[in-house]
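First residue of the sequence shown? That's 502 in my numbering, and the numbers climb one at a time after it.
No residue lacks a Cβ here, since even glycine has one placed at the ideal position from N, Cα and C.
Computed from a prediction, not measured in an experiment: that's the story for all the values here.
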Amino acid sequence: MSPRPPAGGGECASLPPVTIVLDPGVAAWLLRRELRRVAEALGTPPLGPAVPIAGPVRLREDAGLAAVRHALSQVVPRVPYLSYEIDGFGARPRGAGGTVGIRVRPSPLLASASRAIGAALEALAVPGDPPDEEVLIPAARLPDSRQYRSARRILGIAGLPWYRRLVTLFSPEEPGGTVPAPGRLLDALRLLILVGDRPVAGFDLVSRRWIARPLLADRGLRAASLRAYRHARGLELDSHPPGDRTPGETWFLADLHLGHPGIALHCARPFLAADVAEMDRVLVENWRRTVGPNDRAYLVGDLCAPPDPSSFLAAAGRLTGRLAIVRGNHDPDLPGLARSIAFTAGGHRFLAVHDPTDAPPGFDGWVIHGHLHDSDLRRHPFFDPVARRVNVSAETAGYRPVPLSLVERLIREGADPVPLRAGMDQGYGGTPGRKG
């Protein structure tokens, strides 16, 4: 029999509504940037990057935050992270107006967890409106219908009037919004309890511990959670990954950006933005634990920052293997750095080039590239059999070199597009809406 949930002691009589959200963690900066773009386009104040998964609800007088914590502890799945995808914009009508925001596609496990958390929260709440089915990161709350319709049009989510629909019958392109639609696969390591808009406690999925509000920003706790997450996701290696080593293997990796203080923020890398040394350590050790001294290894551009020759050569000297370097847009112009390298393997032609748009026109082989990171995984996934591209940017490659044997296997098996290499090995609940 499970322990009886603690009583609230009357603390909730005057509490604002309670909401359970995903803590965006290292993705907070990226989401704030997207929300600022929306706010600037709409002329509204920017909102914070909370990812709501249950609520808001008003608690009964006999329930309280202790009961909420207890209920969540019982139903949150025992996994170190929960995956979701931000996928364009969505809208939700409310009264005369409505809310617009960034649409969230949860992984199957997150969707199941959200339902369980929602049911647990509803059991402690006074009766209210049914929960919304679509998950939105709110970008603007608009009180009247005119503002709401205008926002939908600006974000490209408004229905077209009949005369515009008639035009589209003769035009292949339907007019969209003026704000670029965001798209990214993300993992959450914490849940937060919000009272109103204020976080009062967090639940760490890795340690399964509650974190009091004063410690939510503690760097040591966040660093420990990120380290455990990287190990669970296969993004930080303690030894050579099993099954990857083949004598004389060939490896590829791009966009390490060693020493780059802003790259963790821009790409939501699983490191504290202020701890560049930790990011560098993991990337270099992953390389050294993967690439043998006699292996061929292609560094497909953007090794480090700043791009001065001495820093570049020092960084390259830390990497193992028989190294061939393709110059990226952040690399110095040094002798021996190739713009591209062509080779043949397994009956297929390959071209290693930093920016895939620099491949020669008409090249009908496979392009192994970097440069694009994980900024648009629909157009530039890790493995794209349609465009014949393999995106080995550090983020899509799982922060460790990619073996040519894996690429050849995916080609040979006629694999579907693979958004992220990390999603091939394991994934708690799968990649949202994708194979993985």
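Own chain partners of residue i with C-beta closer than 7 Å, once the 5 adjacent residues on each side are dropped
i	result
V696	L516, P517, V519
P626	Per the sequence shown, the amino acid found at residue 626 is Ala instead of Pro. Excluding residues within five positions, the ones whose Cβ falls inside 7 Å are V558, R559, L560, R561.
L804	L757, L759, F813, A816, A817, D832
R714	P700, V701, A702
With 16 other Cβ atoms within 10 Å as the buried cut-off, status of residue i
i	result
H741	exposed
A923	buried
N892	buried
Q648	buried
V601	buried
S811	exposed
G556	buried
R685	buried
E541	exposed
G619	buried
A846	exposed
V777	buried
P525	buried
D705	buried
V887	exposed
Same chain, Cβ closer than 8 Å to residue i, five either side skipped, listed in chain order
i	result
W752	T791, V792, D796, R797, A798, Y799, G822, P902, V903, P904, L905
E779	A724, F772, L773
S615	I554, A555, P607, V636
L463	The structure shown has nothing for residue 463, since the chain only spans 502 to 937.
Of the listed residues the options, nearest to residue i (C-alpha basis)
i	options	result
V552	G544, Y585, V558	Y585
H758	S708, A895, Q648	A895
P794	L814, G818, S708, A806	G818
A769	R890, A689, F864, P628	A689
P683	R710, D588, L717, G703	D588
P490	A567, P594, L560, L611	Outside the displayed span of the chain (502 to 937) sits residue 490, for which this structure offers no information.
I603	L784, L622, G619, L637	L637
D885	S841, P639, S876, I869	I869
R595	L566, P632, A620, P628	P632
F844	D859, W530, G829, G866	G866
G721	I554, V827, L804, A775	A775
F590	V680, A597, G899, H849	V680
G544	A568, A592, A765, L643	L643
G953	R782, R913, D856, N830	Outside the displayed range of the chain (502 to 937) lies residue 953, so it cannot be described from this structure.
A765	S841, H874, T858	H874
Secondary structure of residue i, DSSP reduced to three states
i	result
Y900	coil
Y582	coil
H881	coil
T747	coil
G599	strand
T845	strand
T858	helix
L695	strand
H767	helix
T520	strand
G871	coil
S608	coil
A806	coil
D705	strand
P700	strand
A621	helix
A923	helix
R616	helix
L716	helix
Start and end residues, alpha helix (DSSP H) containing residue i
i	result
P810	810–817
L824	Per DSSP, L824 belongs to no alpha helix (DSSP H); it is in the beta strand (DSSP E), 823–826.
R561	Taken as a continuous stretch (DSSP letters only), R561 belongs to no alpha helix (DSSP H), as it is neither H nor E.
A729	720–734
L911	905–914
A652	646–655
A542	529–543
L784	777–791
Cutoff 6 Å; reference residue i; Cβ partners in own chain excluding five residues on either side
i	result
A528	L687, A769
T747	S906
L911	F884
A860	L852, V854, V868
H872	H855, D856
Segment limits, beta strand (DSSP E) that includes residue i
i	result
H571	Not the beta strand (DSSP E): H571 falls in the alpha helix (DSSP H), residues 566–576.
P639	636–643
P553	552–558
M892	The sequence as given places Asn at residue 892; Met does not occur at that position. Taken as a continuous stretch (DSSP letters only), the beta strand (DSSP E) holding N892 covers 890–892.
A798	797–800
I712	710–713
Closer than 7 Å: residue i CB and nearest the ligand GTP heavy atom
i	result
T897	No copy of the ligand GTP occurs in the structure displayed, which carries no ligand at all.
Residue-level contact to chain C via CB, residue i, 8 Å cutoff
i	result
R850	Within the model displayed, chain C is absent; a lone protein chain is all it includes.
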